[in-house]
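In this text, residue positions in the sequence shown follow the working numbering: the first is 19, and each later residue adds one. Worksheet for the structure shown next.
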Amino acid sequence: MRIYTRTGDRGETGLFGGRRVPKDHPRVAAGGDVDELNAHLGLALSHEAFGDLREILIRLQENLLILGADLATPPEAGERVGQKRVPRVTADMVAYLEDLIDRQEANLSALTHFILPGGVTAGACLHLARAACRRAERSVVTLAHAETVNEQALAYLNRLSDLLFVLARAANQHTGQAERPWIPNREDP
Numbered sequence: 019m020r021i022y023t024r025t026g027d028r029g030e031t032g033l034f035g036g037r038r039v040p041k042d043h044p045r046v047a048a049g050g051d052v053d054e055l056n057a058h059l060g061l062a063l064s065h066e067a068f069g070d071l072r073e074i075l076i077r078l079q080e081n082l083l084i085l086g087a088d089l090a091t092p093p094e095a096g097e098r099v100g101q102k103r104v105p106r107v108t109a110d111m112v113a114y115l116e117d118l119i120d121r122q123e124a125n126l127s128a129l130t131h132f133i134l135p136g137g138v139t140a141g142a143c144l145h146l147a148r149a150a151c152r153r154a155e156r157s158v159v160t161l162a163h164a165e166t167v168n169e170q171a172l173a174y175l176n177r178l179s180d181l182l183f184v185l186a187r188a189a190n191q192h193t194g195q196a197e198r199p200w201i202p203n204r205e206d207p
């Protein structure tokens, strides 16, 4: 199978189900933001991971491919494209994230202030992934204003950004990296 098809050379791309849209269509933009988020998780994976973080991030990457397929397949295309069933984000996938958040948060110190993103490389990468996740969420909201979107897709991105924040904190805490509090109106030194 060749990687190039030449079908997008005029600024259009095909959605699952056959509909062609411009490459700047909100559905394509949302999928692109989810793809970028997945790449950020890959970057976080390339740094030393603690405990079960590696398996968590791999599963999140796999689930983001489900989200991408969901977004690339408008509901009117149906639940099957040809012989293939269209994967969709489910409430169980959202519940999985909530469970992970609860389990990870139980091992963290109480958050009493806003913190600056950063820390060890893995923690900083997860903070960057969280920001990319928020952008993807905004893109899906924009799409939802124009077309029908699986409501679980929005819930998934919302919970995922929370999980990525918690995982960034966990990565930093695991290595002993202190969180840097945001101190508003700090006097210049």
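Just so you know, even glycine gets a beta-carbon here, dropped at the ideal spot from N, CA and C.
| Item | Value |
| --- | --- |
| By DSSP, does R72 sit in helix, in strand, or in coil? | helix |
| How far does the alpha helix (DSSP H) with N176 in it reach, from first residue to last? | E169 to H192 |
| In whole angstroms, what is the alpha-carbon distance linking V158 and P44? | 8 Å |
| Which residue wins for smallest C-alpha separation from F183, given the options R103, D120, D110 and R98? | D120 |
| I'd like to check one pair, V112 with A87: are the Cβ atoms closer than 8 Å? | no |
| Quick check: the region 92-106 against the region 185-204, are at least 3 beta-carbon pairs closer than 8 Å? | no |
| Just verifying my parser: in three-state terms, what is the DSSP assignment at V99? | strand |
| If you drop the 5 nearest sequence neighbours on each side, which residues of the same chain put their C-beta closer than 8 Å to that of R177? | V112, L115, E116 and I119 |
| Out of R187, G50, R38 and A150, state which residue places its alpha-carbon closest to the alpha-carbon of L129. | R187 |
| Among the residues of its own chain, which have a CB less than 6 Å from the CB of Q79, if the five just before and after it don't count? | N56 and L59 |
| Note down the Cα distance separating T166 from E54, rounded to an integer number of angstroms. | 22 Å |
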